[in-house]
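So the sequence shown is residues 1 to 390, counted in UniProt numbering. Backbone N, C-alpha and C fix where the C-beta goes; we use that ideal spot for every residue, glycine too. Predicted model, so just to flag it, every value in this text is computed and none were measured.
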Amino acid sequence: RNSRIIDRKIKSTDSSRCILKLLLSFCGNVMCLKSSFLSFYSFTQKYPPVKFLSEKDRKRILITGGAGFVGSHLTDKLMMDGHEVTVVDNFFTGRKRNVEHWIGHENFELINHDVVEPLYIEVDQIYHLASPASPPNYMYNPIKTLKTNTIGTLNMLGLAKRVGARLLLASTSEVYGDPEMHPQNEDYWGHVNPIGPRACYDEGKRVAETMCYAYMKQEGVEVRVARIFNTFGSRMHMNDGRVVSNFILQALQGEPLTVYGSGSQTRAFQYVSDLVNGLVSLMNSNISSPVNLGNPEEHTILEFAQLIKSLVGNRSHIQFLPEAQDDPQRRRPDIRKAKMLLGWEPVVPLEEGLNKTIQYFSRELEHQANNQYIPKPKAARMKKGRPRHN
Ligand SMILES: NC(=O)c1ccc[n+]([C@@H]2O[C@H](COP(=O)([O-])OP(=O)(O)OC[C@H]3O[C@@H](n4cnc5c(N)ncnc54)[C@H](O)[C@@H]3O)[C@@H](O)[C@H]2O)c1
Ligand SMILES: *[C@@H]1O[C@H](CO)[C@@H](O)[C@H](O)[C@H]1NC(C)=O
Ligand SMILES: *[C@@H]1O[C@H](CO)[C@@H](O)[C@H](O)[C@H]1NC(C)=O
Ligand SMILES: *[C@@H]1O[C@H](CO)[C@@H](O)[C@H](O)[C@H]1NC(C)=O
1 RNSRIIDRKI KSTDSSRCIL KLLLSFCGNV MCLKSSFLSF YSFTQKYPPV
51 KFLSEKDRKR ILITGGAGFV GSHLTDKLMM DGHEVTVVDN FFTGRKRNVE
101 HWIGHENFEL INHDVVEPLY IEVDQIYHLA SPASPPNYMY NPIKTLKTNT
151 IGTLNMLGLA KRVGARLLLA STSEVYGDPE MHPQNEDYWG HVNPIGPRAC
201 YDEGKRVAET MCYAYMKQEG VEVRVARIFN TFGSRMHMND GRVVSNFILQ
251 ALQGEPLTVY GSGSQTRAFQ YVSDLVNGLV SLMNSNISSP VNLGNPEEHT
301 ILEFAQLIKS LVGNRSHIQF LPEAQDDPQR RRPDIRKAKM LLGWEPVVPL
351 EEGLNKTIQY FSRELEHQAN NQYIPKPKAA RMKKGRPRHN
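(1) Enumerated in chain order, which unbroken segments of the alpha helix (DSSP H) with a length of 4 residues or greater are wholly contained in the region 61–147?
(2) Could you tell me which residues DSSP puts in a beta bridge with R267?
(3) Specify which residues have a beta carbon nearer than 7 Å to any heavy atom of ligand 4, listing them in chain order.
(4) Tell me which residue opens and which closes the alpha helix (DSSP H) that R206 is part of.
(5) Quick one: what's got a C-beta closer than 7 Å to Y138's C-beta in the same chain, skipping five residues either side?
(6) What I want to know is whether the C-beta of N90 ends up closer than 7 Å to one or more non-hydrogen atoms of ligand 1.
(7) Return the CA-CA distance between A324 and V163, expressed in angstroms with no decimal places.
(8) In angstroms, rounded to a whole number, what distance separates the CA positions of I248 and E174?
(9) Who are the near neighbours of F229 in its chain, counting only those whose CB is closer than 6 Å to its CB and skipping five residues on each side?
(10) Check each candidate in V347, I121, L350, Q184 and name the one with the smallest Cα separation from M156.
(11) Need the endpoints of the beta strand (DSSP E) that L293 sits in, please.
(12) With distances taken from CA atoms, which of L169, A170, S264, T150 is nearest K118?
(13) Starting from the C-beta of K161, find all residues in its chain whose C-beta is less than 7 Å away, skip the five residues before and the five after it, and write them out in chain order.
(14) Ligand 1 and A129: does any heavy atom of the ligand fall closer than 7 Å to the residue's C-beta?
(15) Among residues of its own chain, excluding the 5 on either side of L252, which ones have a beta-carbon nearer than 8 Å to its beta-carbon?
(16) Taking 8 Å as the cut-off, does the region 180–188 touch the region 234–250 (at least 3 CB pairs, one atom from each stretch)?
Here it is in structure tokens:
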């Protein structure tokens, strides 16, 4: 009976007093524990601010690969814009942690599903991003990469057809292969080796594009195709073997930044928020033909090394190694089409994007240091026995 009286008293007090009472009396009362836990939970469970959209403007959006690097940033934007977002991911290279800040939100749903299996849900738009994206990831299991890009894309186009949704395919600059023209515009047909080590990805994306236009012509499905160029930012993979991640990892760990050759080869990287704005703007445009999304601003490998070294605090030095044989000298998108038709172009300055990425990498390293695991920068893709810049 005593405990019932305490119970009633506690229920009528606010939660802080409840906790105090709990501590004072050690009552261990179940109701008290439960209510203080609930108020603590709803207090800490703060979602990023979300716009309110009327039913007319609010869309049901599916993002495949939404727990990955690009997909999770796209999820953030569409959630904050007030839409209902369903993320479908098999967590091959994605992580629940990338979208954990939305779990439990009424507009958000996370489904553990492989796009190689069919999916039946009701949606208005599909952003189809599911696919491993960096060479070590897509070469890990080439057959699975092919299945994801072919069967997975057929499944998503089938879904789009059944429910009348519009589908945007995250294609890649790799459809241009080892290009014979610079920069590449959307009319270039590409130069791809169908049996080379990158073919599972390059050809997978090429046939995924073909499938989109077959569904458009034969079945009237609305499609959008984004040819995405090199992208960087928080939540990118630390061991993807690309220049930016290698240099940041080396600089943060006080190791020498390794430059192959003279460092005069150039690369162009877009910051992930620029890409996400481009994807959303393409999806909601009326342009069904492929559109390049990338940053045409070129920097030499050496510039990247020096800038990253100085932003991290100059602890490392730059180490020059012999030139790699198949290191492309230039890579740059032609984005005139996106500029003209979407009014889109990258706006985030390189240094700002790098700072944010460095912050993310250093938090991840701290996290991993606590788990006694320090990742080493992966040697870039091996070919003819030599690493090279990606
Ligand atoms: N990041 C870039 O620089 C870049 C460049 C060109 C194109 N892209 C394209 O953008 C998309 C996203 O790339 P990212 O960099 O975010 O890579 P990512 O690896 O971080 O994201 C891909 C996501 O797809 C998921 N996935 C893979 N196979 C799947 C399957 N069978 N079923 C369900 N989910 C699956 C992964 O778990 C991951 O969450 C990819 O389609 C990629 O080809 C990216
Ligand atoms: C696309 O929309 C623009 C205006 O937003 C219009 O001028 C143009 O004609 C449209 N193009 C097509 C192919 O429908
Ligand atoms: C790193 O060194 C460069 C040139 O020596 C200098 O301009 C820059 O301010 C330094 N950066 C930091 C963070 O110390
Ligand atoms: C990036 O970080 C460096 C060093 O922390 C700082 O000096 C610089 O102002 C930052 N630049 C931008 C654009 O945020």
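With the given structure in hand:
(1) Runs of the alpha helix (DSSP H) lying entirely within the region 61–147 and spanning at least 4 residues, in chain order: 69–80, 135–138.
(2) Taking the first residue of the sequence shown as 1, we reach residue 267 at position 267. Answer is H299.
(3) Going along the chain, the residues that qualify are L311, P349, E351, E352, N355.
(4) Reading the sequence shown from its first residue, position 206 is the one you call residue 206. Note, R206: alpha helix (DSSP H), 199–219.
(5) Here residue 138 refers to the residue found at position 138 when the sequence shown is read from its first residue. Shown here for Y138: same chain residues with a beta carbon closer than 7 Å to its own, the five before and five after excluded, namely P132, T145, C200, Y201 in chain order.
(6) Position 90 of the sequence shown, counted from the start, is the residue given in the question as residue 90. Under cutoff, so the answer is yes.
(7) Along the sequence shown, read from residue 1 onward, the residue named residue 324 stands at position 324. Along the sequence shown, read from residue 1 onward, the residue named residue 163 stands at position 163. When rounded, the distance between both Cα atoms is 49 Å.
(8) Mapped onto the sequence shown, residue 248 falls at position 248. Mapped onto the sequence shown, residue 174 falls at position 174. The straight-line gap from Cα to Cα measures roughly 24 Å.
(9) The sequence position of residue 229 within the sequence shown is 229, counting from 1. Once the five neighbours on either side are set aside, the close Cβ partners of F229 are S173, G294, P333.
(10) Taking the first residue of the sequence shown as position 1, residue 156 is located at position 156. The alpha carbon of M156 has as its nearest neighbour, out of V347, I121, L350, Q184, the alpha carbon of I121.
(11) Counted from its first residue, the sequence shown places residue 293 at position 293. Unbroken beta strand (DSSP E) run through L293: 291–293.
(12) On the sequence shown, residue 118 is found 118 positions in, with the first residue counted as 1. Note that residue 118 is Pro in the sequence shown here, rather than Lys. Scanning L169, A170, S264, T150 for the CA closest to the CA of P118 turns up T150.
(13) Against the sequence shown, residue 161 aligns to sequence position 161. Counting only Cβ-Cβ distances below 7 Å, and skipping sequence neighbours, we find Y215, E219, V221.
(14) Residue numbering aside, residue 129 sits at position 129 when the sequence shown is read from its first letter. In the sequence as presented, Ala is not what sits at residue 129; that position holds Leu. Yes - ligand 1 has a heavy atom lying nearer than 7 Å to the Cβ of L129.
(15) In the sequence shown, counting from the first residue as 1, residue 252 sits at position 252. Excluding sequence neighbours, L252 sits near V312, I358, F361, S362, L365.
(16) Taking a contact to require three or more Cβ pairs closer than 8 Å, the region 234–250 and the region 180–188 do not qualify as touching.
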